[in-house]
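Asker: The numbering of the sequence shown is full-length UniProt numbering, which starts it at 1 and goes up by one.
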Amino acid sequence: MLHPIHCQRMIFGNVDIFCHGPLLDVIQKSRLFQDSKYFVDMALLYDPDVVLQAFDTVENKTDPKALDMFIKKYFSPPGSELKECQPVDWVPRPKSFLKIADEHFRLWAYFVHGKWKKLCRE
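(1) Suppose you measure from the CA of residue 104 to the CA of residue 35; what does that come to, to the nearest Å?
(2) Report the rounded CA-to-CA distance for residue 59 versus residue 77, giving the unit in angstroms.
(3) Which residue's Cα is closest to the Cα of residue 89: 75, 63, 116, 72?
(4) Three-state secondary structure (DSSP) at residue 36?
(5) What are the boundary residues of the alpha helix (DSSP H) that residue 31 is part of?
(6) Can you give the Cα-Cα distance for residue 106 and residue 122, rounded to whole angstroms?
(7) Reducing DSSP to helix, strand and coil, say where residue 107 ends up.
(8) Who are residue 80's beta bridge partners in DSSP?
(9) Measure the beta-carbon distance from residue 16 to residue 52 and round it to whole angstroms, keeping in mind my assumption that it falls under 8 angstroms.
(10) Could you tell me the distance, in whole angstroms, from the CA atom of residue 5 to the CA atom of residue 100?
(11) Secondary structure at residue 73, three-state DSSP: helix, strand or coil?
(12) Going by Cα to Cα distance, which pick from 42, 61, 41, 48 is closest to residue 25?
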């Protein structure tokens with residue numbers, strides 16, 4: 001379970017889903033995911049209140065199939081809410097890299113720099 005101070009800093013008001021409460025407790029105890037952090041990294045598809053109300057209607061909260069159906073309906077996989085982007089100031093060959101005297105290191109720097117296009121997310 002996340003530390004309460006971390007939860008208070010969350011922007012979207014998802015505290016009762018991802019930080020504490022019966023939904024988190026049931027999902028974590030069900031061990032539906034190999035990694036206990038997987039669920040808290042998932043994205044909500046609906047407003048938190050809608051998700052919590054829907055969870056209250058799940059009849060058998062110990063049934064893995066019922067929980068799996070609930071999760072598939074109300075959540076998307078971790079990172080799915082993020083979109084790729086390109087930093088506005090990104091250039092393929094920064095002039096400052098020309099100061100790197102060793103050609104191998106300079107090529108490596110260009111290679112690493114090129115990763116920003118895949119790492120940037122909105």
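Note that CB positions come from ideal geometry on N, CA and C, so glycine has one too. Please read these numbers as outputs of a predicted model, since none were measured by experiment.
Answerer: Taking the geometry as given:
(1) It is roughly 39 angstroms from the alpha-carbon of residue 104 to the alpha-carbon of residue 35.
(2) Cα-Cα distance, rounded: 24 angstroms.
(3) Checking every option, the nearest Cα to that of residue 89 belongs to 116.
(4) In the structure shown, residue 36 falls within a coil segment according to DSSP collapsed to helix, strand and coil.
(5) Counting along the chain, residue 31 sits inside no alpha helix (DSSP H), nor does DSSP assign it H or E at all.
(6) Distance from the CA atom of residue 106 to the CA atom of residue 122, rounded to whole angstroms, is 29 angstroms.
(7) Helix at residue 107.
(8) The partner list for residue 80 (beta bridge, DSSP) is empty, contrary to what the question assumes.
(9) A Cβ-Cβ separation of about 6 angstroms places residue 16 in contact with residue 52 under the 8 angstroms criterion.
(10) For residue 5, the predicted model reports a pLDDT of 46, less than 50, meaning its position is unreliable; a value from the coordinates is still stated below. The alpha-carbon separation between residue 5 and residue 100 amounts to approximately 44 angstroms.
(11) In the structure shown, the three-state DSSP call for residue 73 is helix.
(12) Per the C-alpha coordinates, the member of 42, 61, 41, 48 positioned closest to residue 25 is 61.
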